[in-house]
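Numbering (this note's numbering), first residue to last: 523 to 626.
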Amino acid sequence: MTKLVRLSSTELQNALKVLPQWKSVIRDGQMDHIRRKYQFKTFETSWAFLTRVAMKAHRIGHHPTIINNYNIVELELTTHDVGGISELDVKMAKSLDKAALEMS
């Protein structure tokens, strides 16, 4: 497995160009994580999406922060081992966007 490294500011900005609904969050002067809110038609659809989030996270060894309120799912991604955003977060975000699109 390739060692994960924190993305530079430029690398992150380039990644976010293909993830326009994800926003970077700055803490202590550094981009710490990326965040996105999804809205589904029903509570059941939001939970079906959460199941896909859990399975994908398990497969790639990721630990997203998840907030769920009825049909709204908010996710925050960061790679704790590098203290910020890595390629793993970008990969996870792309996968989640694809899953959400398939469910809408």
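Built from N, CA and C at the ideal position, the CB exists for glycine as well.
What you are looking at is a predicted structure, and each value in this text was computed from that prediction instead of being measured.
Given residue i as reference, the closest of the options once Cα atoms are compared
i: Y592; options: W569, K539 and E598; result: W569
i: A622; options: K539, D550 and Q561; result: Q561
i: I556; options: H580, L534, A576 and F571; result: L534
i: R590; options: K620, L572, A579 and D603; result: In the sequence under discussion, the amino acid at residue 590 is Asn, which differs from the Arg named in the question. Of the candidates K620, L572, A579 and D603, the one whose C-alpha sits nearest the C-alpha of N590 is L572.
i: I548; options: M625, K613, E598 and M614; result: E598
Status (buried if at least 16 other CB within 10 Å, exposed otherwise) for residue i
i: T601; result: buried
i: A537; result: buried
i: S531; result: exposed
Contact set for residue i: own chain, Cβ-Cβ below 7 angstroms, skip 5 residues either direction
i: L610; result: L526, I582, H584 and T601
i: G605; result: R528
i: R644; result: Limits of the chain in this structure are 523 at one end and 626 at the other, which puts residue 644 out of reach.
Beta-bridge pairing of residue i - partner residues as DSSP gives them
i: I589; result: E596
i: H555; result: V547
i: Q561; result: I594
i: G606; result: T601
Nonlocal neighbours in the same chain, by C-beta distance under 8 angstroms from residue i, ignoring five residues either side
i: K616; result: V540 and L541
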